[in-house]
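Heads up: the sequence shown at position 256 corresponds to 1058 in our numbering, and the numbers run straight through without jumps. Beneath this line is the structure, given in structure tokens, with notes to follow.
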Amino acid sequence: MLFKQLFDKESCTYTYLIADLSNKQAVLIDPVDTQLDVYLNLLKENNLTLKYSLETHVHADHVTASGMLRQKLGAKTAVSSLCGAESADVQIQDGDTFEFGDGEIIKVIATPGHTPGSTSFLWRDKVFTGDSLLVGGCGRTDFQGGSSEAQYDSITQRLFTLSDDTIVYPGHDYSGRWISNISQERTANPRLAGKTKAEFVEIMANLNLPKPKLIDMAVPANRYCGVDEEQANQAAVQRVEGSDPRRQTPNMDDHLHQIKQNITEIHPKKAKDLISNSTVYIVDVREESEFDAGYIENAISLPRGLIEFKIQTIPELSDKSSTIIVYCASGKRSALSAHTMQNMGYTNILSMEGGYAAWKQNV
Ligand SMILES: N[C@@H](CCC(=O)N[C@@H](CS)C(=O)NCC(=O)O)C(=O)O
Ligand SMILES: [Fe+2]
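Following this line, the structure appears as structure tokens:
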């Protein structure tokens, strides 16, 4: 086997390369876009084929290299189905397994908290904890739909119940620590050892950390595996469905079709009636530049990529049972956004068919 822990100094991110040298299949966990050449060289030097590029979550502090690795090498991208990254090939769920090499298995452990879709990966005696459990710390929970309560449960019930000598490989470290193990973290992690859930929540509420520098750019980009949205959609449409029976996204249109089965769409004329006759909120999920060029009166601008971490800051959207009409340019992004918001607990979301273009034609 070949196993490497790589470090991106700019974002203090750890990336992991695991490869089986017998059949040359490799997996990367949390690759960073600026380190693409390092990965390509490592893979080439060792004559490796990259099978999967796994994400522990949609990152807020750096852009993933997974989309570029897919474009260049055909590796499948994988991220939790709860991350709103519909263009990823594999929508990960708790308990899933990834096979590579000669019978090597990576097991998925859902560890929500830092984000709702945060995931840890267990391979042999190693657990890759992303930003759930860090060495002597843990990922923050104050943006992207984070939850300190969920973080506490994930760490204490899912990670601390692994065998004591499981080696912990974190997603980041900001002070030069590389690894730890479960026993060490369970007994000495200052945020968790001997702490009740209430004490942990209190600690997390008082971290007062500055916002990651790249958050406004990285979160939307990572929804599309780090590549441009249009490019990602095209790649999804062109991608040939492989023989892997896992939940793949064969193309964006099929995926959208599936999503549309589970949301409610509304014609622009009906939307107009609702807006005139009842209390509804209107959310524009296009990018800010599109919003600035023209929008529906009273619409709140909330670009799709920012929904999970900005929605809590918008008082009008605090009641999850309010009627909310979501629109974009053509009705696609609003359908995906409606799905995301439903997953966040909103119960009355209506996606406007045909988007702003149809609104202008019909109203
Ligand atoms: N200063 C960093 C922010 C780092 C940050 O907020 N990292 C997140 C992970 S994405 C975290 O959970 N940090 C935990 C901590 O700093 O204790 C940046 O600008 O990128
Ligand atoms: Fe993170």
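Glycine included, every Cβ here is placed at the ideal spot set by N, Cα and C.
A residue is called buried once 16 or more other Cβ atoms fall within 10 Å of its Cβ, and residue 980, having fewer, is exposed.
The three-state secondary structure of residue 1130, taken from DSSP, is coil. Take residue 1003, set aside five residues on each side of it, and the residues of its chain with a beta-carbon closer than 8 Å to its own are 950, 951 and 954, in chain order. At a threshold of 6 Å, residue 972 does not count as near ligand 1, since its beta carbon sits no closer than that to any of the ligand's heavy atoms. By the Cβ-count criterion, residue 1165 is exposed, with fewer than 16 other Cβ atoms from all chains shown falling within 10 Å of its own Cβ. Residue burial is scored here from C-beta neighbours: residue 1008 has fewer than 16 other C-beta atoms within 10 angstroms and is therefore classed as exposed.
For residue 1074, the enclosing alpha helix (DSSP H) has its first and last residue at 1070 to 1079. With contact defined as three or more Cβ pairs closer than 8 Å, the stretch 981 to 998 and the stretch 820 to 830 are not in contact.
Boundaries of the beta strand (DSSP E) around residue 911: 906 to 912.
Scanning 812, 1022 and 935 for the CA closest to the CA of residue 969 turns up 935.
Approximately 18 Å separates the beta-carbon atoms of residue 1098 and residue 1143; this is outside 8 Å, ruling out the contact. Going by DSSP, residue 953 is part of the alpha helix (DSSP H) stretching over 950 to 955. DSSP places residue 985 within a helical segment (H, G or I) once states are collapsed to three. If you check the CB distance, residue 809 and residue 816 come in under 7 Å. Remark: the C-beta of residue 864 is outside contact range of ligand 2, defined as less than 6 Å to any heavy atom.
Sequence-distant partners of residue 865 (beyond 5 residues in either direction) whose C-beta falls short of 7 Å from its own C-beta, in its chain, are 835, 1020, 1023, 1024 and 1028. In the DSSP assignment, residue 826 falls outside any beta strand (DSSP E) and carries neither an H nor an E. The beta carbon of residue 899 lies closer than 8 Å to those of 907, 908, 909 and 910 in the same chain, with the five residues before and after it left out. Beyond the five residues adjoining it in sequence on each side, residue 1062 comes within less than 7 Å, by CB distance, of 1137 in the same chain, given in chain order.
As computed with DSSP, residue 901 is found in a beta bridge with 907.
By the Cβ criterion, the stretch 885 to 893 is not in contact with the stretch 838 to 853, since fewer than three pairs of Cβ atoms, one from each stretch, lie closer than 8 Å.
For residue 858 and residue 868, the gap between their C-alpha atoms comes out near 12 Å. Contact annotation: residue 929 and residue 922 have beta-carbon atoms nearer than 7 Å. Residue 946 counts as buried, since at least 16 other C-beta atoms from the protein chains shown sit within 10 angstroms of its C-beta. Pairing residue 956 with residue 897 gives a Cβ-Cβ distance that is not under 7 Å. Annotation: residue 840 is outside any beta strand (DSSP E); the continuous alpha helix (DSSP H) that includes it extends over 838 to 847. In this structure, the alpha-carbon of residue 995 lies about 14 Å from that of residue 963. For residue 933, the Cβ falls inside the 6 Å cut-off from some heavy atom of ligand 2.
For the options 855, 882 and 823, the alpha carbon positioned closest to that of residue 875 is the one of 855.
In this structure, DSSP gives residue 1028 a state outside helix and strand, which the three-state scheme calls coil. Closer than 6 Å to some heavy atom of ligand 1: that describes the Cβ of residue 941. Remark: three or more beta-carbon pairs, one from each stretch, lie closer than 8 Å, so the stretch 1113 to 1130 and the stretch 1078 to 1096 are flagged as touching.
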